[in-house]
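Asks: Residue numbers (our numbering), protein chains in the order written: chain A, 18 to 340; chain B, 129 to 386. For glycine and all other residues, C-beta sits at the position ideal for the given N, C-alpha and C. Treat the numbers as computed from the prediction; the structure is a model and nothing was measured.
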Amino acid sequence: MSILVFIEHKDCVLNKTSLEAIAAAQAIGKDLGLSITAVLPCDKDCSLAQDIAGYNIEKVIVAKNEKLGTYTPDAYADAWEQVIKAVNPQYIVMAHTYQVRDFAPKVAARLGREVVGDCIRYRSEGGKLVLTRRIFLGKLDADVAIGGDAPYFITFQSGAFRGDSAERGSAAVETMDVTVGDVRMTPEAPFQEAKASVDLTKSEIIVAVGRGIKSQENLAVAQQLADALGADIAASRPICDSEWLPIDRQIGSSGQTVAPKLYIALGISGAIQHIVGMKNSGTIVAINKDAEAPIFDIADYGIVGDLFEAVPVLVEEIKKAKA
Amino acid sequence: MKIIVLMKQVANKDAVLRIAGDEKWINEADVAQQTNESDGYALEEALRTVEAKGEGEVVVCTLGPAGAKSVIKDALARGAHRAIHIVVEDSKSLSAYQVAKTIADAIRDENAELILSGLQSDDASYGQTGVILAELLGIPHATIVIEVDRGSLGDTLRVKRELESGWYQWFTYKLPALMTIQSGISQIRYASLKGIMAAKSKPVTEVTPAIEPFASAASIQKVYMPLKTKQTQMLGNGDAKAGAVELVEKLRSEVRVI
Ligand SMILES: Cc1cc2nc3c(=O)[nH]c(=O)nc-3n(C[C@H](O)[C@H](O)[C@H](O)COP(=O)(O)OP(=O)(O)OC[C@H]3O[C@@H](n4cnc5c(N)ncnc54)[C@H](O)[C@@H]3O)c2cc1C
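1. Grab the span of the alpha helix (DSSP H) containing B/P341 for me, first residue to last.
2. Could you list which residues in chain B have their beta carbon closer than 8 Å to that of A/D91, in chain order?
3. Does any residue of chain B bring its CB to less than 8 Å from the CB of A/S270?
4. Near A/W261, what residues of its chain come up, given a Cβ to Cβ distance below 7 Å and the 5 sequence neighbours on each side ignored?
5. Residues in the same chain with beta-carbon distance under 8 Å from A/L318, minus the five sequence neighbours each way, listed in chain order, please.
6. Got a sec? Which residues, its chain only, sit under 6 Å from B/Y254 by beta carbon, not counting five neighbours each side?
7. For the beta strand (DSSP E) that contains B/W295, what are its first and last residues?
8. Going by the CB atoms, is the gap between B/S280 and B/R286 shorter than 8 Å?
9. How big is the Cα-Cα spacing for A/A276 and A/K296?
10. Quick check: is the beta carbon of B/Y294 nearer than 8 Å to any beta carbon in chain A?
11. Evaluate B/D251 with the Cβ neighbour count: other Cβ atoms within 10 Å of its Cβ, from every protein chain shown; 16 or more gives buried, anything less gives exposed.
12. Would you kindly work out how many angstroms separate the C-alpha atoms of A/L246 and A/E184, rounded to a whole number?
13. Quick one: using the 10 Å Cβ neighbour count with 16 as the cut-off for buried, is A/V197 buried or exposed?
14. Considering Cα atoms alone, identify which of B/L291, B/V133 and B/P337 is closest to B/L175.
15. So within the stretch 242-290 of chain A, which uninterrupted beta strand (DSSP E) runs reach at least 3 residues, ignoring any that extend past its ends?
16. Given 7 Å as the limit, tell me if B/H213 has its C-beta closer than that to any heavy atom belonging to ligand 1.
17. Assuming A/A112 and A/T54 make a contact with CB atoms under 8 Å, what is their CB distance in whole Å?
18. Confirm the yes/no value for this check: CB of A/R228, any heavy atom of ligand 1, distance under 7 Å.
19. Check whether the stretch 96-110 of chain A and the stretch 214-221 of chain A are in contact - that is, three or more C-beta pairs closer than 8 Å.
20. For A/T89, which residues from the same chain have a beta carbon less than 7 Å from its beta carbon, with the 5 sequence-adjacent residues on both sides left out?
21. Closer than 8 Å, CB to CB, is A/Y115 near chain B or not?
22. Which residues share a DSSP beta bridge with B/S245?
23. Pick from A/V321, A/A282 and A/I256: whose alpha carbon is nearest that of A/A243?
24. Pick out whichever of A/T149, A/R127 and A/R138 has its Cα sitting closest to the Cα of B/A262.
25. Which chain B residues sit within Cβ distance under 8 Å of A/I222?
26. Within the present structure, is the beta-carbon of A/A310 separated from the nearest heavy atom of ligand 1 by less than 7 Å?
27. So, with DSSP's three-state summary, where would you put B/K141?
28. Since B/I348 and A/V161 should fall inside the 8 Å C-beta cutoff, what is the C-beta to C-beta distance between them, to a whole number of angstroms?
29. Tell whether a beta-carbon distance below 8 Å holds between B/L204 and B/K330.
30. Taking a contact to mean a Cβ-Cβ separation below 8 Å, would you say B/G258 touches B/D167 in this structure?
31. Got a sec? Which residues, its chain only, sit under 6 Å from B/N155 by beta carbon, not counting five neighbours each side?
32. In angstroms, rounded to a whole number, what distance separates the CA positions of B/P193 and B/A327?
33. Sorry if obvious, but does the Cβ on A/Q290 come closer than 7 Å to a heavy atom of ligand 1?
34. With 16 other CB atoms within 10 Å as the buried threshold, where does B/A228 fall?
35. What is the residue span of the beta strand (DSSP E) that B/T163 lies within?
36. Using a 10 Å radius around the Cβ and a threshold of 16 neighbouring Cβ atoms, would you call A/Y169 buried or exposed?
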């Protein structure tokens, strides 16, 4: 019995979260005594296959078809269905990327299964996994049991496992020619909107604002704090959606990933998609009215209260301290 | 053209959540409810698409308890033409597949050209209902749609999908198709007084489904407060100003950024 791991790539360039999926599969494999097969959909003899074979897994399968050059949910679902039927795995482990969330539920449904998605950890109980996922925008955790027969589809949230902890080893590489039916969608080339005018990845200090700032005019409050600290301004998604700040200031899964020395989150609840973009900051400060806001779970310093009371005092005190 | 929009009622974003006695969900009795955020954007896209086409209807579909009617009323007031309410009192206990299967059975004969939903719900966050539904209906899907090229509207539709880390990609779909809509795609319209009045006479079809058991359903065993991963130092003891003074001291002496 085995675990299949999905290896995501674009033009044979690895999406690094797949290494997290390998680490997850290795952990589960050890607990349940299952071997691991990595699967790479590609239109050619993927050059990435040898790299993946350098991990402690049994086998790498390149699922090959000319229609697998560019990702489409139809082609990927067809390829996966065939690999799963040929290998007959116990578990299918993937990173919860946007691509996976696009095709995994489709493949699972086709096989009469569903995905336990966006998990943050697991434990093994009587040879079966109990998975933990975040619900209610990160405010609560839920332990989830999987029902029915294998295969079980699981996706892990980015950061749930460390990619650099995936054990090295050596695996065999195999090619499996798969058939792909009608692809009912036509993709164009992926692109980036505009070259970011600010590179927040280089910022030492970031003052980030969330929906708690309430209006565009109030951004001035955050700007004063940023000026006092010599910081750059960033934001959660709703602020950029409202066009109060440009999109290149957005931190999170669809925005930038940053790791400044200091990250101050003003009125940000701490949804998963935001946290993945800033959790590696040296010191995290959260100011939020809601004592239960998930941002406090990862903050080093927290102030429960109104940001409009706290920030002006902060600015004054910083000025005094600097004088 | 006919567009079906899936809309769900969820706990209000800012609500204080209390875990239910059986520890399997929250206590919903004392929690204000609202329309799931991204579903509101899905409705807006549907309305704009029908307006661009110059003909057609927008049908809202909600699976949920009787109380979920408020989602429907609000959608009808904003301009949806009619609604299908799949009445399931204990809808929270259904898995993503069960929800999708129940909706598929209820809307299959509508033969809509387009089905829109939000990309995920703010409560269970399965993010699967749309994708499974498309598979069950045998139509193609796109997730995390952030722009709809209404100029392309015909037998096909061109949409922009959000990829990770600031990347995007356009896809063209042959209709019928299902798309899940990302929050922030547009500005959601308000219901006008006229719309609110008109909503009262719009048809709402109630469906009482027979829900089949589903062997592979994932089931929640226990819901609890997240374990803290960091030892957070809380400053100010609930006094924001005092917290600010303490914080500056920390930034000076411990974080050393001042
Ligand atoms: C596929 C996908 C991708 C996404 N990508 C991203 C992304 O890249 N980046 C991102 O940020 N989000 C992203 N999101 C959205 C994310 O799920 C959240 O909706 C978003 O991060 C919430 O932003 P927020 O914390 O500013 O707002 P909210 O969740 O509304 O939180 C506002 C907070 O402000 C507090 N508050 C209100 N008033 C005050 C006050 N006066 N003083 C102090 N505190 C106050 C409230 O208590 C609350 O905690 C994505 C979602 C999905 C589904």
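Replies: Let me spell this out:
1. In the DSSP assignment, B/P341 falls outside any alpha helix (DSSP H) and carries neither an H nor an E.
2. Within chain B, the residues near A/D91 are P268.
3. By the rule that beta-carbons nearer than 8 Å mark a contact, A/S270 touches chain B.
4. Q233 and L236.
5. Before going further, note that residue 318 of chain A is Tyr rather than Leu in the sequence given. T300, I301, V302 and A303, listed in sequence order.
6. Around B/Y254: A224.
7. That run of the beta strand (DSSP E) goes W295 to K302.
8. Yes, Cβ-Cβ distance for B/R286 and B/S280 is below 8 Å.
9. Roughly 7 Å between the two C-alpha positions.
10. It is Gly, not Tyr, that sits at residue 294 of chain B in the sequence shown. It does; some Cβ of chain A falls within 8 Å.
11. B/D251 is buried by the Cβ-count criterion.
12. If I take the Cα positions, the gap works out to 42 Å.
13. A/V197 should be labelled buried.
14. Restricting attention to B/L291, B/V133 and B/P337, the CA atom closest to the CA of B/L175 is found in B/V133.
15. Whole beta strand (DSSP E) segments, 3+ residues: 249-252 and 279-283.
16. No - ligand 1 has no heavy atom lying nearer than 7 Å to the Cβ of B/H213.
17. 16 Å between Cβ atoms; not a contact.
18. Yes - ligand 1 has a heavy atom lying nearer than 7 Å to the Cβ of A/R228.
19. The answer is no - the stretch 214-221 of chain A does not touch the stretch 96-110 of chain A, with fewer than three Cβ pairs under 8 Å.
20. Closer than 7 Å at the Cβ level, and outside the excluded window around A/T89, lie V200, M202 and P204.
21. The C-beta of A/Y115 comes closer than 8 Å to at least one C-beta of chain B.
22. Residue pairing of B/S245 in beta bridges, as defined by DSSP: B/L134 and B/T308.
23. Here the closest residue by C-alpha is A/A282.
24. Each of A/T149, A/R127 and A/R138 was checked against the Cα of B/A262, and the nearest Cα belongs to A/R127.
25. Residues of chain B whose Cβ lies closer than 8 Å to the Cβ of A/I222 are, in chain order, V385.
26. Yes - ligand 1 has a heavy atom lying nearer than 7 Å to the Cβ of A/A310.
27. Three-state result, B/K141: coil.
28. Contact holds; Cβ gap of about 6 Å.
29. Yes, these two residues count as a Cβ contact at 8 Å.
30. B/D167 is positioned such that its CB atom lies no closer than 8 Å to that of B/G258.
31. Result list for B/N155: R146 and A148, in chain order.
32. In a straight line, the C-alpha of B/P193 is about 20 Å away from that of B/A327.
33. Yes, the beta carbon of A/Q290 sits closer than 7 Å to at least one heavy atom of ligand 1.
34. Buried.
35. First-last of the beta strand (DSSP E) with B/T163: Q161 to T163.
36. Buried, by the Cβ-count rule.
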